[in-house]
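S.K.:
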Amino acid sequence: MLAKVRVERAISRSFRLSKSILDGLEEEATLQKISTNALVSKILSDYVELERFSQPFGTIRVGRDTVQDFLQMVPEDELQKAGLKAGKGLPIAMMSAKYGKVNADSVLRFIREYFGYSNLVRYSEKRQNGSTTITLAHDLGPKLSSFIEAYLQPSFDLANIKVKESLKSDHALMINL
């Protein structure tokens, strides 16, 4: 059901950068304890794999505290309604733009990439005995788990993906497919 991750050969390329940008990249790489090359590769990968597809749909980045405040103010049933509504828009449009279709493979790739790049949750996936378990771990409470579950439902429905089990907690959403 899941696509295999391809490993691509790295190609050397040179770019001209202003000194201030290079200094900023080197400073951030040092803070993250990675090479400047690895940081630049990550930044470019984030853009190529996600941001260029999400920008036309008006996606924005907001801070964790803002999300937490929003979650606390909105009743859970309203968050679920909002998740269903949002899930019928952005994910399906992005999958169509990026993969050309919405099917089981593109839905699972979208979840892996979208949540893998987000700072909202920590994505993990485990395949065992013909099942795939996706875990989206976070520290924002059960309302976020409810929102994400509702957000993903339209994509699962459209791709005829049967959710065997969905477990929500204060710290994670686990989906068994």
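In this note's numbering, the protein residues as written are 20 to 196.
Beta carbons: idealized from backbone N, C-alpha and C, even for Gly.
The structure presented is a predicted model; accordingly, all values stated were derived computationally and were not measured.
(1) Is DSSP giving GLU144 helix, strand or coil here?
(2) With a threshold of 8 Å, are at least 3 pairs of Cβ atoms found where one atom belongs to the region 113–123 and the other to the region 153–168?
(3) What three-state label does DSSP hand SER165 in the structure shown?
(4) Judging by CA-CA distance, which residue of GLU45, ASP176, LEU159 is the nearest neighbour of SER37?
(5) Could you name the residues that DSSP lists as bridge partners for LEU155?
(6) Tell me, which residues are paired with LYS187 by DSSP?
(7) Does the separation of the CB atoms of LEU58 and GLU132 fall below 7 Å?
(8) Between SER174 and VAL140, which are expected to be in contact by the criterion C-beta below 8 Å, what is the C-beta distance as a whole number of angstroms?
M.R.: Looking at the coordinates:
(1) One-based indexing of the sequence shown puts residue 144 at position 125. Of the three classes helix, strand and coil, the one that applies to GLU144 here is strand, per DSSP.
(2) Touching, no, given that fewer than three Cβ pairs across the two stretches are closer than 8 Å.
(3) As a first step, residue 165 must be located in the sequence shown, where it is residue number 146. In this structure, SER165 counts as helix in the three-state DSSP scheme.
(4) Locating residue 37 in the sequence shown gives position 18, where the first residue counts as 1. Shortest Cα-Cα distance from SER37 to any of GLU45, ASP176, LEU159 involves GLU45.
(5) Translated into positions along the sequence shown, residue 155 becomes position 136. Answer is TYR142, LEU192, bridged to LEU155.
(6) The residue labelled residue 187 in the question sits at position 168 within the sequence shown. Bridge partners of LYS187: LEU192.
(7) Reading the sequence shown from its first residue, position 39 is the one you call residue 58. Reading the sequence shown from its first residue, position 113 is the one you call residue 132. No.
(8) The count along the sequence shown starts at 1 and reaches residue 174 at position 155. The count along the sequence shown starts at 1 and reaches residue 140 at position 121. In fact, because the Cβ distance is near 16 Å, the residues do not count as touching under 8 Å.
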